[in-house]
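Participant: In the numbering used here, the protein residues as written are 61 to 1006. Have a look at the structure that comes next, please.
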């Protein structure tokens, strides 16, 4: 989710010997295989700190590269950033944007503060470097030794934490409570220090999720309250606000606020500190949080962390909770690296949603009122990364714990009811952020019900979802927050109800074609839920609506050949004033792929191409990028040079604009001359703080026209205008009309109607050929690099089901090959072992299910599409109490399915019936080193759809 602006943060896939991974793994206890540092580079954006399954409190470091208002990675931690400014109490796992949470960073500080920590805008004073040799993590536990001489050991309960802090004996020992310094800032914060009770209490009002991407979200979504209780007396106290430090004070208030760019204001904020008696070397602190009020935090502390329960007991209980969770899937065989990757993925899949209700059953509602759990609901959960999680994560959640999934479903319904019937696609705790696209709540609720979660008000949820999908609201027609955070649950619903698609123009959404496809998936989910509940009328109506994807499929769409006589194949070097490498780098401006773009973080910029010989450019073309028009070039000069230093302007344009995304405008050079280099210098853009360019094409009539780099196939998903005409500037690699993806990637996002899509493409054989070209190079080798818009993006959700689509087309062995290639080459046991954002455990859930050889290719149906298991034996303890047992002897060397017995009966079907996710089954595979032409390839072997 929202990877583009963060592409520059990608790190190395480092092998790390710290934490649980350093010890000899205990095959009887899967906790010993978990390495929480996996995903802390390569844009995985995970965190290594202490947390229980789905816990409210997650105690983990906030790392820094020298900017107080920017964190190296969302989630607060990046392995290659070796400076810590605090250990904060809440975290998001695997998200994109600029992150969120990271609330109440607590820093063990060697010394007594002499200046305001808020004034330390470069993190040069109130932060410390550290070495990974002095760091360790395992489920429920984190330890770090800072180069300052301070150290911290952390462990947790669901809502509380306990920390053991150490300090040098010859220096002052302090704890800093940086209450306003949430990961993306705060609107307000308070701190109160009570020396007589040895407590520190306070709160922070924070949120600002994706604020830098759209300042419509630059406000608080929640207030987090905390209480901390320390076992040592305070020798001194103090507070600060903005640039002022006030020694001996016990109270302060003030947030960071937000700038016009959606980021915290550097140098602003408040907090407090306590300093202990000289010679203090060890301090134990208990801390609890609540979203309700301070009393809730105090009760949580009393219930979950009474004084009689020590650090080691709490750590053991946290480990036991993780052991219980991870033992739901028992693996036999496999290498240590495979088991580490698998169990860490299972661990990451169980971090979100996060608990939001207190120990007494109270929780803060979406209506800004405190509620109490209704009878039968055990817990309220928040933080719903819906656009991601509906595709794989909630299915795994329900398979393993139907009761918890039911609570989650009820939680989403509670929040929607409190919001007047409006469901959100990305909740931050209880707060509506509107981030991403579609109506994923419908699909998520239907998926959890299909996978066995039945202990929630399913009929009430269905009625609410049907109402939201059939009655347009004012928000559905607003552009507030667009593109990233469009406020409507069903953007342009009034138009879609009549015309069957969300339009490209005035759509009140991120991308019309993507919105149409997401709505079709949501509608199919509503149909499935309605059918299961016996509402045949709603089932038929929404099943028909789920076919609306057909309205944005253009059977005649094909790649734009581009400007004739393009000289891109004669470019030897590219330079630029700036770039957002690797995915929006300078090379993307000349790659022949109009779906990619060059981006620089400035209002002006230049990009230049050096050629293999002098070329005479008589025409050139600019294609607008897929993001907001304000980033498009408006004024520029095209310049030529023969020495790379002296430039001659060959054409100038002012006041230009691009009405559409992916639109190409062609310009002529009045007096063309040969040059060995050409440079486009943008002197003004449309008013945004970024310059973007989809493509720069230079043409020399003496150069033969190169072959299009885009796909040769015809028939693609495409943006459509309100008048029924197709949006121009199309190529399969275009991102215009789509969300974090391209037409080529979204064309396959027809979960429930793939057989119709294949027929429209020309039949199963053509569809198989197109899938081959989606995953592979012309020579048959896999291209899983996620650098081409016409290939699968293994780092993101819209096409994560595509490897399984071969099973619907009579080519099951190709699913087996493709899934194996992804598992073997894109996942691993190093810090970069997750291929991109983990997105609240969604990508990890994909890995867990794929390693087991089962996948919900239609998210809202419980049938599981099959592929070769990674391990020779696995046993999944289903939430029903039954087991799904998988035996695949020889899988380490033979990876093609030659035969399958389910409960002793031979079958050629490439899918498992829905009843297996609750009733269980025993799968016994026969494997081969060569693909089978018969297993999973017959007409009766295709998984069910419509």
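Where a beta carbon is used, it is the ideal one built from N, C-alpha and C, also for glycine. Since we're looking at a predicted model, the values are computed, not measured.
With DSSP collapsed to three states, give me the class of residue 1003.
Facilitator: The three-state reading of DSSP puts residue 1003 in coil, since its state is none of H, G, I, E or B.
Participant: Do you know whose CA, among 563, 480 and 657, lies nearest residue 525's CA?
Facilitator: 480
Participant: For residue 904, which residues does DSSP report across the bridge?
Facilitator: Paired residue(s): none; residue 904 is not in a bridge.
Participant: Tell me the DSSP bridge mates of residue 985?
Facilitator: Residue pairing by DSSP puts residue 985 in a beta bridge opposite 960.
Participant: Do the CB positions of residue 497 and residue 609 come within less than 8 angstroms of each other?
Facilitator: no
Participant: Comparing alpha-carbon positions, which option in 643, 997 and 400 lies nearest residue 89?
Facilitator: 400
Participant: Return the CA-CA distance between residue 284 and residue 220, expressed in angstroms with no decimal places.
Facilitator: Those two C-alpha atoms are separated by around 13 angstroms.
Participant: Enumerate, from N- to C-terminal direction, the unbroken beta strand (DSSP E) stretches of 3 or more residues contained entirely within the stretch 483-561.
Facilitator: 486-488
Participant: Cα separation between residue 887 and residue 300?
Facilitator: 45 angstroms
Participant: Looking at residue 234 and residue 135, is the spacing between their C-beta atoms short of 8 angstroms?
Facilitator: no
Participant: Can you name, in chain order, every residue of its own chain whose Cβ lies under 8 angstroms from the Cβ of residue 611, other than the five neighbours on each side?
Facilitator: Cβ within range, chain order: 559, 560, 561, 576 and 780.
Participant: In this structure, does DSSP put residue 345 in helix, strand or coil?
Facilitator: strand
Participant: Assuming residue 409 contacts residue 904 (C-beta within less than 8 angstroms), just tell me the rounded distance between them.
Facilitator: The beta-carbon separation of residue 409 and residue 904, rounded to 5 angstroms, stays under the 8 angstroms limit for a contact.
Participant: Residues in the same chain with beta-carbon distance under 7 angstroms from residue 748, minus the five sequence neighbours each way, listed in chain order, please.
Facilitator: 688, 690 and 691
Participant: Where does residue 658 sit, in a helix, a strand or coil, going by DSSP?
Facilitator: strand
Participant: For residue 331, is the classification buried or exposed, using 16 other Cβ atoms within 10 angstroms of its Cβ as the cut-off for buried?
Facilitator: With 16 or more other Cβ atoms within 10 Å, it is buried.
Participant: Can you look up residue 728 in the DSSP assignment and give me helix, strand or coil?
Facilitator: strand
Participant: For the beta strand (DSSP E) containing residue 1007, name the first residue and the last one.
Facilitator: Residue coverage of the chain in this structure runs from 61 to 1006, which leaves residue 1007 outside it and unanswerable.
Participant: For residue 285, name the three-state secondary structure that DSSP assigns.
Facilitator: strand
Participant: Would you say the stretch 776-793 touches the stretch 969-984, given that touching needs at least three Cβ pairs under 8 angstroms?
Facilitator: no
Participant: In terms of DSSP beta bridges, what is residue 206 paired with?
Facilitator: 190
Participant: What would DSSP say about residue 689, mapped onto helix, strand or coil?
Facilitator: helix
Participant: State the start and end residues of the unbroken beta strand (DSSP E) segment that holds residue 744.
Facilitator: Per DSSP, residue 744 belongs to the beta strand (DSSP E) from 734-745.
Participant: In angstroms, rounded to a whole number, what distance separates the CA positions of residue 347 and residue 181?
Facilitator: 27 angstroms
Participant: I need the boundaries of the beta strand (DSSP E) containing residue 432, first residue and last residue.
Facilitator: Unbroken beta strand (DSSP E) run through residue 432: 430-432.
Participant: Report the rounded CA-to-CA distance for residue 214 versus residue 295, giving the unit in angstroms.
Facilitator: Going from the Cα of residue 214 to the Cα of residue 295 covers about 24 angstroms.
Participant: Is it the case that the Cβ atoms of residue 635 and residue 762 are separated by a distance below 8 angstroms?
Facilitator: no
Participant: Please report the Cβ distance between residue 257 and residue 280, rounded to the nearest whole angstrom; I am assuming they are in contact, meaning their Cβ atoms lie under 8 angstroms.
Facilitator: Cβ-Cβ separation between residue 257 and residue 280: approximately 28 angstroms, too far for a contact (criterion under 8 angstroms).
Participant: Indicate whether residue 858 and residue 935 have their beta-carbon atoms separated by less than 8 angstroms.
Facilitator: no
Participant: Which ranges would you report for the beta strand (DSSP E) in the stretch 742-820 if only whole runs of at least 3 residues count?
Facilitator: 751-753 and 755-759
Participant: List the DSSP bridge partners of residue 252.
Facilitator: 261 and 311
Participant: List the endpoints of the continuous alpha helix (DSSP H) containing residue 835.
Facilitator: 824-835
Participant: Would you check if there are 3 or more beta carbon pairs closer than 8 angstroms linking the stretch 732-742 to the stretch 698-707?
Facilitator: yes
Participant: Please classify residue 993 as buried or exposed, where buried requires at least 16 neighbouring CB atoms within 10 angstroms.
Facilitator: exposed
Participant: Let's see if you can read the secondary structure: which residues bound the beta strand (DSSP E) around residue 948?
Facilitator: No beta strand (DSSP E) holds residue 948; DSSP gives it neither H nor E.
Participant: On the DSSP bridge list, what partners appear for residue 334?
Facilitator: 235 and 297
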